[in-house]
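Chains A and B, in that order, give the protein sequences.
Heads up, the first sequence is in my numbering, so the first residue is 4 and it goes up one at a time.
Heads up, the second sequence is in my numbering, so the first residue is 4 and it goes up one at a time.
Notes to accompany the following structure.
There are 2 protein chains.
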Amino acid sequence: MRYYSSVLDALFGVPLPMANTAKVSIARTEARARRRQQLIEATMKCIGRKGIGGTTLADVAGEAGLSQGIVNLHFQSKDNLFRETLQYLAEEYRSKFEGVLERADSSPAASLMALMELDLSPSICQPMKLAVWFAFWGEVKSRPTYRKICDEIDRYYDEVVERLCDEIIKDGYYPNVTANNVATALTSMTNGLWLSCLISPQSWNRHDALDAVRCYLSVVFPQHFRRSGAT
Amino acid sequence: MRYYSSVLDALFGVPLPMANTAKVSIARTEARARRRQQLIEATMKCIGRKGIGGTTLADVAGEAGLSQGIVNLHFQSKDNLFRETLQYLAEEYRSKFEGVLERADSSPAASLMALMELDLSPSICQPMKLAVWFAFWGEVKSRPTYRKICDEIDRYYDEVVERLCDEIIKDGYYPNVTANNVATALTSMTNGLWLSCLISPQSWNRHDALDAVRCYLSVVFPQHFRRSGAT
DNA sequence: CAGAAAAATGAATGAGCATTCATTCAGAAT
DNA sequence: ATTCTGAATGAATGCTCATTCATTTTTCTG
Numbered sequence: 004m005r006y007y008s009s010v011l012d013a014l015f016g017v018p019l020p021m022a023n024t025a026k027v028s029i030a031r032t033e034a035r036a037r038r039r040q041q042l043i044e045a046t047m048k049c050i051g052r053k054g055i056g057g058t059t060l061a062d063v064a065g066e067a068g069l070s071q072g073i074v075n076l077h078f079q080s081k082d083n084l085f086r087e088t089l090q091y092l093a094e095e096y097r098s099k100f101e102g103v104l105e106r107a108d109s110s111p112a113a114s115l116m117a118l119m120e121l122d123l124s125p126s127i128c129q130p131m132k133l134a135v136w137f138a139f140w141g142e143v144k145s146r147p148t149y150r151k152i153c154d155e156i157d158r159y160y161d162e163v164v165e166r167l168c169d170e171i172i173k174d175g176y177y178p179n180v181t182a183n184n185v186a187t188a189l190t191s192m193t194n195g196l197w198l199s200c201l202i203s204p205q206s207w208n209r210h211d212a213l214d215a216v217r218c219y220l221s222v223v224f225p226q227h228f229r230r231s232g233a234t
Numbered sequence: 004m005r006y007y008s009s010v011l012d013a014l015f016g017v018p019l020p021m022a023n024t025a026k027v028s029i030a031r032t033e034a035r036a037r038r039r040q041q042l043i044e045a046t047m048k049c050i051g052r053k054g055i056g057g058t059t060l061a062d063v064a065g066e067a068g069l070s071q072g073i074v075n076l077h078f079q080s081k082d083n084l085f086r087e088t089l090q091y092l093a094e095e096y097r098s099k100f101e102g103v104l105e106r107a108d109s110s111p112a113a114s115l116m117a118l119m120e121l122d123l124s125p126s127i128c129q130p131m132k133l134a135v136w137f138a139f140w141g142e143v144k145s146r147p148t149y150r151k152i153c154d155e156i157d158r159y160y161d162e163v164v165e166r167l168c169d170e171i172i173k174d175g176y177y178p179n180v181t182a183n184n185v186a187t188a189l190t191s192m193t194n195g196l197w198l199s200c201l202i203s204p205q206s207w208n209r210h211d212a213l214d215a216v217r218c219y220l221s222v223v224f225p226q227h228f229r230r231s232g233a234t
């Protein structure tokens with residue numbers, strides 16, 4: 004069995020043969036990571052259901068089927084738990100986003116459409132998940148750390164979308180728009196559609212939302228997008 | 004001096020000559036209304052600064068320069084205060100919105116542009132105000148009352164924008180878009196631009212935001228909107 | 001001006017909750 | 001089998017507020 008001489012080493016992935024310092028087995032490290040993830044997921048469920056203000060550590064522990072003190076054991080404090088939850092959420096989003104980029108074959112137009120479809124897919128665009136995002140956005144002004152995390156993922160998104168738009172514009176010669184304009188419009192649009200989905204879940208529907216995006220794309224980039232269907 | 008026989012009558016504006024029930028003078032009623040508004044404005048400042056979770060009644064009272072118990076005296080409970088604050092916020096927005104509609108002379112295109120400019124004007128689009136909106140949106144999922152208030156103003160907004168788009172489409176014969184598509188896109192866009200303004204206040208700027216909206220309008224409704232400037 | 005009613009105060013109360021920690025439990029190492 | 005270590009528990013602690021209310025101050029009325 005391999006050992007890490009400490010949790011720190013474990014994080015840096017430096018396996019050591021048995022040493023005389025405190026030993027932490029890989030199995031333990033993994034178990035700990037799993038527990039943390041379990042707690043983070045419980046936290047998201049609670050925030051989705053009761054909001055950030057309404058979520059107590061007892062709620063989270065209960066949701067995870069564990070005891071009172073468990074959160075402080077693994078996260079030291081409530082603040083920490085929430086910050087890591089936001090980080091997890093952002094990371095999760097980023098990985099789905101990158102997954103789509105990798106899968107979408109070649110053409111920038113196809114990639115762009117695939118990204119828009121991702122944003123409006125049930126995997127991301129469901130009231131419960133959105134509620135968590137909005138709960139954190141609602142705290143952005145008073146919590147610089149939250150702002151930083153959100154800002155980072157936002158910039159990344161914007162950058163990718165703008166690059167795709169740029170390629171499309173170069174490819175199609177569209178004199179009336181700039182990549183910056185279109186990217187701003189698209190990112191805002193998805194964010195705004197999320198708000199509608201959260202606020203009017205009964206009347207909101209994926210189809211209309213996607214249609215609005217497709218309509219926009221078909222009008223700005225007519226050579227690359229047809230009204231009903233990508234590319 | 005005129006009297007109301009009770010606060011309820013006062014709200015309904017029914018002045019009565021002195022009766023043998025408890026009497027409330029108009030001056031008192033107005034003073035009370037002013038105090039309530041003062042407290043609501045203090046609440047918005049606090050929420051903007053510390054978030055909903057971080058705002059205590061002591062904060063609000065302090066911000067207003069009054070004492071501990073004042074909020075409960077005027078609003079009965081914290082919950083009430085927050086709900087009425089959201090209502091006030093929505094009402095304030097609606098009145099600005101209607102003000103623009105009345106002022107904008109005649110043409111639907113001019114009205115639409117004026118509305119977009121309002122949404123991105125400093126009066127509405129400043130981090131402090133937006134933080135309050137987002138704080139409430141963040142609680143929408145767990146507070147049905149908040150959802151209802153937000154939903155109502157949202158629907159109103161959507162309805163007006165869609166009607167304007169409809170008139171523009173009829174006027175200009177635009178076969179490739181529907182009023183619903185464009186209205187959805189526009190409302191989402193402004194909501195999304197608010198999020199960017201909140202999250203990246205340093206890099207965000209009104210000019211780019213407006214430009215993205217103008218660009219969109221000039222592309223969907225080319226006969227009604229030119230690239231740099233309305234109608 | 002006196003008396004009454006309303007508004008405002010702020011100390012006291014107690015509920016709710018994050019955090020602590022002595023104790024128990026589980027499983028790996030020898 | 002025994003020991004040892006880290007994980008987990010949950011009762012206890014203490015702090016932060018919302019809320020109450022007896023008292024004071026202000027405002028109105030005749």
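Virtual Cβ for every residue (Gly too), placed ideally from N, Cα, C.
Check                                                                                                                                              : Outcome
Locate the alpha helix (DSSP H) running through K144/B, then write down its first and last residues.                                               : No alpha helix (DSSP H) holds K144/B; DSSP gives it neither H nor E.
Taking all protein chains shown into account, decide if K144/B is buried (16 or more other Cβ within 10 angstroms of its Cβ) or exposed.           : buried
Let me make sure I understand the geometry here. Which of E33/B, Y159/B, L115/B has the alpha-carbon closest to that of L104/B?                    : L115/B
Where does S199/B sit, in a helix, a strand or coil, going by DSSP?                                                                                : helix
Quick one: does T190/A have its CB under 8 Å from some CB of chain B?                                                                              : yes
Please report whether the beta-carbon of C200/A lies at a distance below 8 Å from any beta-carbon of chain B.                                      : no
Would you please verify whether the beta carbon of T32/B is less than 8 Å from any beta carbon of chain A?                                         : no
Once you ignore the five residues that flank E95/A on each side, which residues in its own chain have a CB closer than 7 Å to its CB?              : none
Just to check my reading of the structure: A182/B and I172/B have Cβ atoms closer than 8 Å, yes? What is that Cβ distance to the nearest angstrom? : 6 Å
Out of curiosity, what's the CA-to-CA distance linking L92/B and R86/B?                                                                            : 10 Å
I need the straight-line Cα distance from R38/B to G51/B, nearest angstrom please.                                                                 : 20 Å
Should K151/B go down as buried or exposed, given a rule of 16 or more other Cβ atoms within 10 Å for buried?                                      : exposed
Where do the ends of the alpha helix (DSSP H) carrying V74/A lie?                                                                                  : 73-78
Is the shortest distance between the beta-carbon of S203/B and the beta-carbons of chain A less than 8 Å?                                          : yes
State the DSSP-derived secondary structure class of R229/A, mapped to helix, strand or coil.                                                       : strand
Would you call the CB atoms of C153/B and F139/B closer than 8 Å?                                                                                  : yes
Kindly say whether C153/A, judged by its beta-carbon, lies nearer than 8 Å to any beta-carbon of chain B.                                          : yes
When you compare the CB positions of L198/B and N184/A, do they come within less than 8 Å of one another, or not?                                  : no
So is H227/A buried or exposed if we call it buried at 16+ other beta carbons inside 10 Å?                                                         : buried
Alpha carbon to alpha carbon, how far is D157/A from R166/A?                                                                                       : 14 Å
Could one say the Cβ of A2/B lies closer than 8 Å to chain A's Cβ atoms, at least one of them?                                                     : Any question about residue 2/B goes unanswered here, given that chain B covers just 4 to 234.
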